[in-house]
Amino acid sequence: HLREGDDVVLNVTNKLMEKLNFIPILVAGKKPVNEKILVAVDGSPCATRAVRFVADTIGHLKDYQVRLMVVVRGGSDGISLNGKGLSTDHIFKEATGILTAAGFPEKNISTRAVTGAISRAGAIVTHAEKGHWGTIVVGRRGLSRVKDFFMGRVSNKVVHAGRLNTVWIVT
98 HLREGDDVVL
108 NVTNKLMEKL
118 NFIPILVAGK
128 KPVNEKILVA
138 VDGSPCATRA
148 VRFVADTIGH
158 LKDYQVRLMV
168 VVRGGSDGIS
178 LNGKGLSTDH
188 IFKEATGILT
198 AAGFPEKNIS
208 TRAVTGAISR
218 AGAIVTHAEK
228 GHWGTIVVGR
238 RGLSRVKDFF
248 MGRVSNKVVH
258 AGRLNTVWIV
268 T
């Protein structure tokens, strides 16, 4: 439930995200940040940049845990990118490679695939809350690019639904 001050903060955040679409945006939530980062991946170039941003930012910090998460609506365990199918295993392997190349310990990387989700953003935020993942990282736009929106629907919804968490939105 939003309080009056929360509504103002979300409006300001929306305006910043709309105008600053060329740099990563870090939105600090109310929960304390911990050493657990949940990264939503989907095989898109923006999601790959989000993984690279995490690798560049915390790759040298050996105590951090990273959970790579793919959320698929419907019952499939794969994702289609430009008409080509990508398995979640392929997506996880690529993201893990980026993190380990930056020096991140492979033992601190875990994966989670969720299929049949009603809401990708809802599944991401719920998983973050249940697992006490302090930071959620998403790409600004995923596979379902719609030019009429200033940012991806999933990343926008994650900021709003996950307002207690710190959220990194990577362009």
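Counted from 1, the sequence shown has number 174 at position 77 by our numbering; the numbering is strictly sequential.
Think of the CB as a built atom: it goes at the ideal place given N, C-alpha and C, for glycine as much as any other residue.
- The residues I195, in chain order, have a CB closer than 7 Å to that of R149 in the same chain once the five nearest residues on each side in sequence are set aside.
- Less than 8 Å divides the Cβ of T193 from the Cβ of E203.
- A147: member of the alpha helix (DSSP H) spanning P142 to I155, first to last residue.
- DSSP links T212 through a beta bridge to V169.
- At a Cβ-Cβ threshold of 8 Å, R170 and A218 do not count as neighbours.
- A137 sits close to V168, with the two beta carbons spaced by under 8 Å.
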